[in-house]
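Protein chains in written order, with this note's numbering: chain E, 13 to 225; chain F, -11 to 152. Virtual Cβ for every residue (Gly too), placed ideally from N, Cα, C. For clarity, every value in this text was computed on a predicted model and none was experimentally measured. Everything on this sheet refers to the single structure shown next.
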Amino acid sequence: MMDELELLKKDWQKKDEHLPKLSFNEIHKMLWKKSSSIVKWIFTISILEFTVPHLLYLLPGMQDSIDIYDKLGIKNISTCLWVVGYAVTFYFIFLFYKRYREISTLDNAKNLMEKIIRTRKTVKYYIIFGLTFLFITCVMIIVGIYLNDHILEVFPTENPDVSEEKFKQIMLWAISIFSVLFIAFMGGIYFLLYGILLRKLNKNYKELKQLEV
Amino acid sequence: MTKELEHQFVTELENNQNIVHKVCTLYTNDRDSHNDLFQEITIQLWKAYPKFRGESKFSTWMYRVALNTAITLYRKSKRRVKTQDYDSVIFKIKADEYDPTEEEQLKLMYQAVKQLGDIEKALVFLYLEDKDYREISETLGITEVNARVKMNRVKKKLRTILNP
Chain E
13 MMDELELLKK
23 DWQKKDEHLP
33 KLSFNEIHKM
43 LWKKSSSIVK
53 WIFTISILEF
63 TVPHLLYLLP
73 GMQDSIDIYD
83 KLGIKNISTC
93 LWVVGYAVTF
103 YFIFLFYKRY
113 REISTLDNAK
123 NLMEKIIRTR
133 KTVKYYIIFG
143 LTFLFITCVM
153 IIVGIYLNDH
163 ILEVFPTENP
173 DVSEEKFKQI
183 MLWAISIFSV
193 LFIAFMGGIY
203 FLLYGILLRK
213 LNKNYKELKQ
223 LEV
Chain F
-11 MTKELEHQFV
-1 TELENNQNIV
9 HKVCTLYTND
19 RDSHNDLFQE
29 ITIQLWKAYP
39 KFRGESKFST
49 WMYRVALNTA
59 ITLYRKSKRR
69 VKTQDYDSVI
79 FKIKADEYDP
89 TEEEQLKLMY
99 QAVKQLGDIE
109 KALVFLYLED
119 KDYREISETL
129 GITEVNARVK
139 MNRVKKKLRT
149 ILNP
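Given below as structure tokens:
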């Protein structure tokens, strides 16, 4: 084997003349092309993950849900929760940006992979936080409905025959099932997305890491 | 100033482009992917260039950025049809040195190397480029001892691929 690798080495070093040759202009043109590196992908997806849920609150229909919080008597506690939520979100954005800036191709392979994984973990924790936050909000709404004795005033229904008790039960079930499905769906998409995106990186990182044992 | 930097960078890359082409040859299987990876490495080199500032040789710095891009940053943008004759173009043996046994042996070796994992390819690449274990370990971020251990395993693996 030694001899064969040596033979390969000798041949390899004579390869230059068979390699493609790009001109100055061809290389120059490449400088302004868009990168499609996974770091770029992580950055773009993360920015979407940070902004999209917050943009939802700008939708006109969302104003109604704030009214509903008020009627359910959970407005104060939900306001507190939102303040905390935004503070934590900004902290995550700051941490994400700081870690993202530390990623450098000048690092050695292992450090580079570690920094990318660390940056992604920041987003992962943010997602876990976001989903937990969503869960707490849903629980709060469910408790609010459960404790409310005039539920038909909060959610005016077009069907006047349905009894208050029955309507309350339907609402509780509907919201519970919807929130569990929604949280599971969002979590599923997130982990699938990053699973695919970082499969190669995780495999290579594990290989380097294994050497240390 | 930017124009000057651009000119300087492109000239240096033009002179040292073989390093990048060799990395692309190892990590891709067809001409389109080769060009794709070359472009991504060029973008990454250009992005890192302001930080380079001549502390090491341009080529030394290139090895690191090029391998990091190939191993970690590069994502294949599309699934591509593998072109059959691609390897034979890149790994052509010079006519005046034609030796059928040697050529066959080299062909098999190149095919075996292409079957290795990303990290293993990086080790073989640096070895073929005549880098010592210190430089290999610094590029990959492992200790010199581990680089040797890994290289021995790669040799063993190549042997298994060649003699199944």
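Exercise for the section: Compare the C-beta of E:N160 against all C-beta atoms of chain F and say whether one is closer than 8 angstroms. Expected result: What you label residue 160 of chain E is simply residue 148 of the first sequence in a count that begins at 1. So, not an interface residue.
Practice task
Note down, in chain order, every chain F residue with its Cβ under 9 angstroms from the Cβ of E:A121.
Solution key: Translated into positions along the first sequence, residue 121 of chain E becomes position 109. R52, L55, N56, I59, T60, I107, A110, T127, L128, G129, I130, listed in chain order.
Handout entry: Option nearest E:V51 by Cα separation, candidates F:P152, F:T60, F:T13
Key = Locating residue 51 of chain E in the first sequence gives position 39, counting from the first residue. Among F:P152, F:T60, F:T13, the Cα nearest to that of E:V51 belongs to F:T60.
Handout entry: chain F contact residues for E:T149, given Cβ-Cβ distances below 7 angstroms
Key = Mapped onto the first sequence, residue 149 of chain E falls at position 137. Here the premise fails: no neighbours, minimum Cβ distance about 36 angstroms.
Problem - DSSP three-state assignment for E:K65, whether helix, strand or coil - result: Residue numbering aside, residue 65 of chain E sits at position 53 when the first sequence is read from its first letter. One point to set straight first is that residue 65 of chain E is Pro, not Lys, in the sequence displayed. In this structure, E:P65 counts as helix in the three-state DSSP scheme.
Handout entry: Start-to-end residues for the alpha helix (DSSP H) that takes in F:Y62
Key = Looking up residue 62 of chain F in the second sequence gives position 74. F:Y62 -> no alpha helix (DSSP H), and no H or E assigned at all.
Exercise for the section: Drop a sphere of 10 angstroms on the beta-carbon of F:N140, count the other beta-carbons inside from all chains shown, and report buried for 16 or more, exposed for fewer. Expected result: Numbered from its first residue, the second sequence carries residue 140 of chain F at position 152. Looking at its Cβ environment, which holds fewer than 16 other Cβ atoms inside 10 Å, F:N140 is exposed.
Exercise for the section: Check whether the region 6 to 16 of chain F touches the region 95 to 112 of chain F, taking contact to mean three or more Cβ pairs, one atom from each stretch, closer than 8 angstroms. Expected result: yes
Practice task
Return the residue from the list F:D120, F:E0, F:N6 that minimises the CA-CA distance to E:K26.
Solution key: Working through the first sequence from its first residue, we reach residue 26 of chain E at position 14. When only C-alpha atoms are compared, the closest one is F:N6.
Practice task
Enumerate in chain order the residues of its own chain whose CB-to-CB distance from F:K82 is below 8 angstroms, with the five nearest sequence positions on each side excluded.
Solution key: Taking the second sequence and counting its residues from 1, the one referred to as residue 82 of chain F is at position 94. Bear in mind that a pLDDT of 49 at F:K82, under 50, signals an unreliable position, so the model cannot answer this.
Practice task
Answer with yes or no whether the minimum CB distance from E:M42 to chain F is below 8 angstroms.
Solution key: Numbered from its first residue, the first sequence carries residue 42 of chain E at position 30. Output row for E:M42: interface = yes.
Problem - Per-residue contacts from E:I57 into chain F (C-beta, under 7 angstroms) - result: Here residue 57 of chain E corresponds to residue number 45 of the first sequence, with the count starting at 1. None at all; the shortest Cβ gap to chain F is about 13 angstroms.
Handout entry: Beta-carbon gap between F:M97 and E:E38 smaller than 8 angstroms
Key = Looking up residue 97 of chain F in the second sequence gives position 109. Looking up residue 38 of chain E in the first sequence gives position 26. No, the Cβ-Cβ distance between F:M97 and E:E38 is not below 8 angstroms.
Practice task
Taking all protein chains shown into account, decide if F:E28 is buried (16 or more other Cβ within 10 angstroms of its Cβ) or exposed.
Solution key: Translated into positions along the second sequence, residue 28 of chain F becomes position 40. By the 10 Å Cβ count, F:E28 comes out buried.
Exercise for the section: Give, in chain order, every unbroken run of the alpha helix (DSSP H) that is at least 4 residues long and sits entirely within the region 17 to 44 of chain E. Expected result: 36 to 42
Exercise for the section: Would you be able to state if there are at least three C-beta pairs under 8 angstroms between the region 133 to 142 of chain E and the region 179 to 186 of chain E? Expected result: no
Practice task
Kindly indicate the opening and closing residues of the alpha helix (DSSP H) around F:P152.
Solution key: Working through the second sequence from its first residue, we reach residue 152 of chain F at position 164. Careful: F:P152 lies outside any alpha helix (DSSP H) and carries neither H nor E.
Problem - Where F:R147 falls, given that 16 or more other Cβ within 10 Å makes a residue buried - result: Your numbering for residue 147 of chain F matches position 159 in the second sequence. F:R147 should be labelled exposed.
Practice task
Give the secondary structure of F:G42 by DSSP, where H, G and I count as helix, E and B as strand, and everything else as coil.
Solution key: Within the second sequence, the letter at position 54 stands for residue 42 of chain F. Here F:G42 sits in coil by DSSP.
Exercise for the section: State the DSSP-derived secondary structure class of F:F(-3), mapped to helix, strand or coil. Expected result: On the second sequence, position 9 is the one that residue -3 of chain F refers to. In this structure, F:F(-3) counts as helix in the three-state DSSP scheme.
Problem - Proximity of E:R132 and E:Y202 at Cβ, strictly below 8 angstroms - result: For the purposes of this step, residue 132 of chain E is taken as residue 120 along the first sequence, with counting starting at 1. For the purposes of this step, residue 202 of chain E is taken as residue 190 along the first sequence, with counting starting at 1. No. Outside cutoff.
Handout entry: Beta-carbon spacing of E:Y112, E:F55 below 8 angstroms
Key = To locate residue 112 of chain E, count along the first sequence from 1; it is residue 100. To locate residue 55 of chain E, count along the first sequence from 1; it is residue 43. Cβ atoms of E:Y112 and E:F55: closer than 8 angstroms.
Problem - Helix, strand or coil at F:N134 [DSSP, three-state] - result: In the second sequence, counting from the first residue as 1, residue 134 of chain F sits at position 146. Helix.
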